[in-house]
Amino acid sequence: MATQYFFEIKENGLRIPKALGTHPNFGLSVKGEWPRRLLDISTLTSLERQDGNIYGDEREPPFSILSYTWGRWSIGSGPRLPVSGVTWTIPAVDERRAFTVTSFQDVIRQIGKHSRFVWLDVACIDQENYAVKMDEIGRQASIFAKASQVYVWLWTMPISTLQPAAEDIHRLWVSPRPMSSVTRPGSVPSYMVTDSRELDSRGFPTNHHEDISAVSDLLKRLKTSVGHILDDWYFSSLWTLQEAFLRRQAVVLSLDAQPVTYSSDGSSMPISFVMDSLWHLSTSEEPVPVGVQARVVEDAQGQGDLVSKIRERVKRAGLIMFPFATNPNIQYGMARFRETSNKLDRIYGIMAVYNLRVGAASPGADTSREYTLDELEDEFAISLNARSPLLGQLFLHTDRPPQGRSWKITQKSWVPHGFDDFSENKRNLAGGDDGTSSGIYDG
């Protein structure tokens, strides 16, 4: 018998990660730190911090952060953001392949509607002083903790494309699962559709049935929407994986600097919800809601192929486990699906999720030393085990490690089911008689 699938289309039920303090991982209390510089949006002037955390004429002002990706399109000459007050050359990007200076200014002005200051890497981190640059990179977790708001810029899509795509992955939840033969002989093939935009007299989403062709059209639309979002370069960068995690409630902005919103109330849709919605599309073990009478039929090959393509596309973006779990080893394992321009950024671009500083980003580091990636990986793993021996070993290798190196976490790893949440204040782990594991931790 062919595999059968149940397709549910719904809006409610997705998990929105709750606030977990200043740092999202394992109960860490991260002291927010003031950046070395902030950009005054009104004048595009980079202001260096003065004694007392004063920037220009303001003491300890609220500031925002813009999270975006640009390094892969950096070029030696071209239009640049017209920033004053800096000693380095503002990087230029290839406007034919990335974003334009005009679009860059538009998104900065959008941020300026809510905040006078923004921490913008090209304008606030010295791009030519390696020691200063690495020190600021090492303080990234603390700077993100201090910011009043963070914005994510998905610069490949105008709002006319991004908004409907985000709504689709929010509303269309495909949950394929093998089913036994439950349809009666001679019954009309159909799929149950739950659409939360249509409510019954009790306020519950209505259920109705669609034939295979209608479901196929819905799946094609969902596949297109998933592609629109995951084709944005933000979802292939390692640095942005880290930044999205550091501030889960970051507001998502389009190419034309418009915020993505919930259609229900117009409030901003955070990056956490976008990534969580995508992750749900890659899972197939979600239970059917209690009380829902689903009619299922044997799926035609076309629908099965569409489901598989959607799931595989999401998995290729690294969303193979709950992306905003509090065990940072999950994000570390996701890192292998992301790209970096510099091989050492495989560590520098993810260490902030642990609030660790290693290599040239360590306090007082000898920045003249040239590290290899192996050296950085060793230092990172040693630092992790020194901080938390339990967390340092709470992973499974996906590839066989070299002899004598099985103790060291690598990005070719994953976290067993049941250990996606972790706290430094939780210590004891227990395994069940049925072979499952659970976290007890207290003590």
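Anchor point for the sequence shown: position 26 equals 26 in UniProt numbering, and the numbering is continuous, going up by one each time. Note that beta-carbon positions come from the ideal geometry of N, C-alpha and C, so glycine has one too. Quick caveat, the model's predicted, so the values are computed rather than measured.
Looking at the structure shown, is residue i part of a helix, part of a strand, or coil, going by DSSP?
i	result
Ser46	strand
Val150	strand
Val122	helix
Ile229	helix
Asp374	helix
Leu66	strand
Ser383	helix
Ser216	helix
Ile137	helix
residue 455	Outside the displayed span of the chain (1 to 443) sits residue 455, for which this structure offers no information.
Arg405	coil
Leu238	helix
Trp34	coil
Leu306	helix
Trp155	coil
Tyr191	Because Tyr191 carries a pLDDT of 47, less than 50, the predicted location of this residue cannot be relied on, and no value is offered for it.
Ser423	coil
Thr22	Summary for Thr22: the model assigns pLDDT 42, below 50, so the residue's position carries little reliability, and this model does not support an answer.
Would you kindly work out how many angstroms separate the C-alpha atoms of residue i and residue j, rounded to a whole number?
i	j	result
Val306	Ser277	According to the sequence as given, residue 306 is Leu; it is not Val. For Leu306 and Ser277, the distance between alpha carbons rounds to 17 Å.
residue 455	Ser263	In this structure the chain extends from 1 to 443, so residue 455 is not present and cannot be described.
Glu339	Gly266	33 Å
Gln293	Leu218	Only weak support is given to the placement of Gln293: the predicted model assigns it a pLDDT of 30, under 50, and the value that follows is read from those uncertain coordinates. Near 21 Å, if we compare the C-alpha coordinates of Leu218 and Gln293.
Met269	Gly71	26 Å
Trp119	Gln242	16 Å
Gly431	Leu390	Confidence at Gly431 is low in this model, with a pLDDT of 39, below 50, so its placement is unreliable and the value that follows should be read with caution. Distance between the alpha carbons of Gly431 and Leu390 is about 15 Å.
Arg59	Asn53	6 Å
Asp135	Arg36	10 Å
Tyr234	Lys309	20 Å
Ser225	Asp231	10 Å
Trp155	His228	12 Å
Pro363	Glu33	14 Å
Leu255	Glu95	13 Å
Pro79	Thr102	10 Å
Val274	Gly333	20 Å
Arg248	Ser272	5 Å
Pro62	Gly404	49 Å
Asn385	Gly392	5 Å
Ser383	Val358	8 Å
Tell me the residue span of the alpha helix (DSSP H) that contains residue i.
i	result
Trp279	Ile271 to Leu281
Leu162	Ile159 to Arg171
Arg346	Asp345 to Tyr348
Leu391	Pro389 to Gln393
Tyr354	Neither: Tyr354 is in no alpha helix (DSSP H) and is coded neither H nor E.
Gly112	Val101 to Gly112
Gly333	Pro328 to Met334
Would you grab the beta carbon distance between residue i and residue j for me? Rounded to a whole angstrom, and I think it's under 8 Å.
i	j	result
Gln331	Phe245	6 Å
Could you check where the beta strand (DSSP E) with residue i kicks off and where it finishes?
i	result
Val86	Looking at the DSSP string, Val86 is not in any beta strand (DSSP E), and its letter there is neither H nor E.
Pro39	Contrary to the premise, residue 39 reads as Leu rather than Pro in this sequence. Where Leu39 is concerned, the enclosing beta strand (DSSP E) stretches over Arg37 to Asp40.
With 7 Å set as the bound, which would you pick, yes or no: does the beta-carbon of residue i sit closer than that to a beta-carbon of chain D?
i	result
Tyr332	Among the chains of the structure shown, chain D does not appear; only one protein chain is present.
Practice task
Determine, using beta-carbon pairs with one atom in the stretch 369-389 and one in the stretch 341-351, whether at least three such pairs fall under 8 Å.
Solution key: These segments touch.
Practice task
Could you tell me whether the stretch 106-113 touches the stretch 319-336, using the rule of 3 or more Cβ pairs below 8 Å?
Solution key: Because the criterion of three Cβ pairs below 8 Å is not met, the stretch 106-113 and the stretch 319-336 do not touch.
Handout entry: Three CB pairs or more closer than 8 Å across the stretch 119-133 and the stretch 221-230
Key = Not touching, per the Cβ criterion.
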